[in-house]
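First comes the structure, then the notes that go with it.
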Amino acid sequence: MSGAVVRRAILLAALLTLVPVAAGAEIRVVTTNPTLADLAHQVGGDRVRVESLMRGPENAHNVIPKPSFVVKLRKADLFVHLGLDAEPWLPSLVRSARRERLLPGGEGIVDVSSGVALLEVPSQNQLSRAMGDIHVYGNTHYALDPLNGIVIGHHLAAAFSRVDPAGAALYEEGAAELERGLRKLTESLQERMEPLRASNVVVYHRTWPYFLKRFSLKKLAEVEPKPGIAPGPRHIAGLAERMESSGVGLVIVETYSNRRIAERLAERAGGRVVVLAQEVKALPGVETYQSLFEHNVDALLAAWRDLGGNP
Ligand SMILES: [Zn+2]
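Next comes the structure, spelled out in structure tokens:
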């Protein structure tokens, strides 16, 4: 057992002696996606029961709420979401659930975006449908910077403590342990990514600015001409030319993106498509927030070596 685990076990034992956990003290948490569900589980441990509405591989912007979502929300103490316009399907879902505590401003709704330094925030005169229909408050994919996972972890600890004050010390320790682990992981992955430093890549959707920034990659262009808008043949042809002339080979796609379009582009430009996990559980084996970053770094390094990069 690591020191942190031992400390947490001792703390738990102490708390259990002082404050017996009343039956029903378990917090029922529903999250929009599996990334938030895993972070909630890591922070809350056995005191929280977490369920995600999304499965993982799907596009968070285009989820069609199912009747089962309402059933889950009816039993939830807390509903955790990414905020901004990350999940445009959320307001109508929350209205259908008819729970006052989950309505905007209610005590059970947890927006984990505050305190995150947002990227790609449009200026006032860019705010029009010409930008596409999503990301109008800034880029919503901030959870793909592992250090933003720390911010999310502290939001979760605060929310859990409000509902279950007896567990506050445990939740704080859970968030602190998450923070220590993520700082270490980020450093070691940054080191592994060093050979690719400042390399350009093409991305399908604007999912990756936080990830690229943290790992010192640059973006040449997007396959989508606007967020959420499919590319036409002329856009693809122009992009292939730009890739070739600038020697860019990696095309990063999400699990839900149009793989065929990306493959055609990579083929024309002599590059490689690399599928990254945009979410926990988006790909087999990506079961935790930490393994998402490990998987994505492994996949990028493998694709880059395939293209003749030096390991
Ligand atoms: Zn997006």
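Mapping the sequence shown onto our numbering, position 24 (from 1) lands on 19, and the numbers just tick up by one.
Beta carbons are placed, not taken as given, at the ideal position from N, Cα and C, and that holds for glycine.
Cβ shell of residue i (< 6 Å), same chain only, five flanking positions each side left out
i: alanine 232; result: none
i: glycine 162; result: Arg42
i: glutamine 37; result: Leu173
i: arginine 192; result: Ser211
i: tyrosine 137; result: Val111, Asn143, Tyr205
i: serine 252; result: Tyr199
i: valine 16; result: The pLDDT assigned to valine 16 is 43, lower than 50, so where the model puts this residue is not dependable; a value taken from the coordinates is nonetheless given after this. Same-chain partners within the cutoff: there are none.
i: arginine 209; result: Asp140
i: valine 105; result: Leu73, Val75, Ala154
i: glutamate 102; result: Arg96
i: valine 65; result: Ser91, Ala92
i: alanine 171; result: none
i: glycine 304; result: none
Rounded C-alpha distance that separates residue i from residue j
i: arginine 157; j: methionine 188; result: 39 Å
i: valine 218; j: leucine 165; result: 44 Å
i: valine 111; j: arginine 175; result: 18 Å
i: aspartate 33; j: alanine 261; result: 33 Å
i: alanine 92; j: phenylalanine 74; result: 11 Å
i: glycine 265; j: arginine 237; result: 12 Å
i: histidine 200; j: lysine 213; result: 14 Å
i: glutamate 258; j: valine 246; result: 9 Å
i: arginine 96; j: alanine 55; result: 23 Å
i: leucine 139; j: arginine 229; result: 30 Å
i: threonine 250; j: threonine 202; result: 11 Å
i: histidine 150; j: alanine 294; result: 30 Å
i: alanine 35; j: phenylalanine 288; result: 17 Å
i: leucine 184; j: valine 89; result: 38 Å
i: arginine 263; j: isoleucine 224; result: 21 Å
i: phenylalanine 155; j: tyrosine 284; result: 19 Å
i: glutamine 119; j: leucine 113; result: 15 Å
i: glycine 100; j: glutamate 182; result: 37 Å
i: serine 286; j: valine 107; result: 21 Å
i: valine 58; j: arginine 254; result: 19 Å
i: proline 220; j: glutamate 21; result: 46 Å
i: serine 63; j: leucine 48; result: 9 Å
i: serine 109; j: glutamate 115; result: 16 Å
8 Å contact criterion, which residue i and residue j should meet: CB distance rounded
i: glycine 45; j: threonine 27; result: Correcting the residue type first, residue 45 is valine in the shown sequence and not glycine. No, valine 45 and threonine 27 are not in contact; Cβ-Cβ is about 12 Å, not under 8 Å.
i: isoleucine 147; j: leucine 31; result: 7 Å
i: valine 268; j: leucine 234; result: With a Cβ gap of about 13 Å, valine 268 and leucine 234 do not count as contacting.
i: proline 83; j: isoleucine 129; result: 7 Å
i: proline 222; j: isoleucine 256; result: Contact doesn't hold; Cβ gap of about 16 Å is too wide.
i: leucine 278; j: histidine 290; result: 7 Å
i: serine 240; j: leucine 215; result: Contact doesn't hold; Cβ gap of about 10 Å is too wide.
Which listed residue (the options) has its alpha carbon closest to that of residue i
i: tyrosine 132; options: Glu174, Asp80, Glu102; result: Asp80
i: leucine 98; options: Asp33, Val107, Pro86; result: Pro86
i: glutamate 53; options: Ile224, Gln273, Ala298; result: Gln273
i: tryptophan 299; options: Arg259, Arg90, Gly244; result: Gly244
i: glycine 169; options: Ile145, Thr181, Gly78, Val89; result: Ile145
i: asparagine 195; options: Leu207, Gln185, Gln119, Glu186; result: Leu207
i: glycine 39; options: Pro220, Pro160, Val248, Thr135; result: Pro160
i: proline 190; options: Leu114, Val292, Ser109; result: Val292
7 Å CB neighbourhood of residue i in its chain, flanking five on each side removed
i: alanine 297; result: none
i: lysine 276; result: Pro29, Arg50, Gly51, Glu282
i: arginine 23; result: Arg44, Lys70, Ala71, Asp72
i: threonine 135; result: Leu77, Leu79, Asp80, Ala81
i: leucine 177; result: Pro141, Leu142, Gly144, Ile145
i: alanine 152; result: Val38, Tyr166, Glu167, Gly169, Ala170
i: leucine 180; result: Pro141, Gln285, Phe288
i: valine 248; result: Tyr199, Arg254, Ala257, Val268, Val270
Contacts around residue i, its chain only, beta-carbon distance under 8 Å, and the 5 residues preceding and following it disregarded
i: arginine 94; result: Leu68, Arg69, Ala71, Gly101, Gly103
i: alanine 18; result: Its pLDDT being 47, under 50, alanine 18 is placed unreliably by the model, and nothing is read from it.
i: valine 14; result: Since pLDDT at valine 14 reaches only 43, below the 50 mark, its modelled position is unreliable, and no value is offered.
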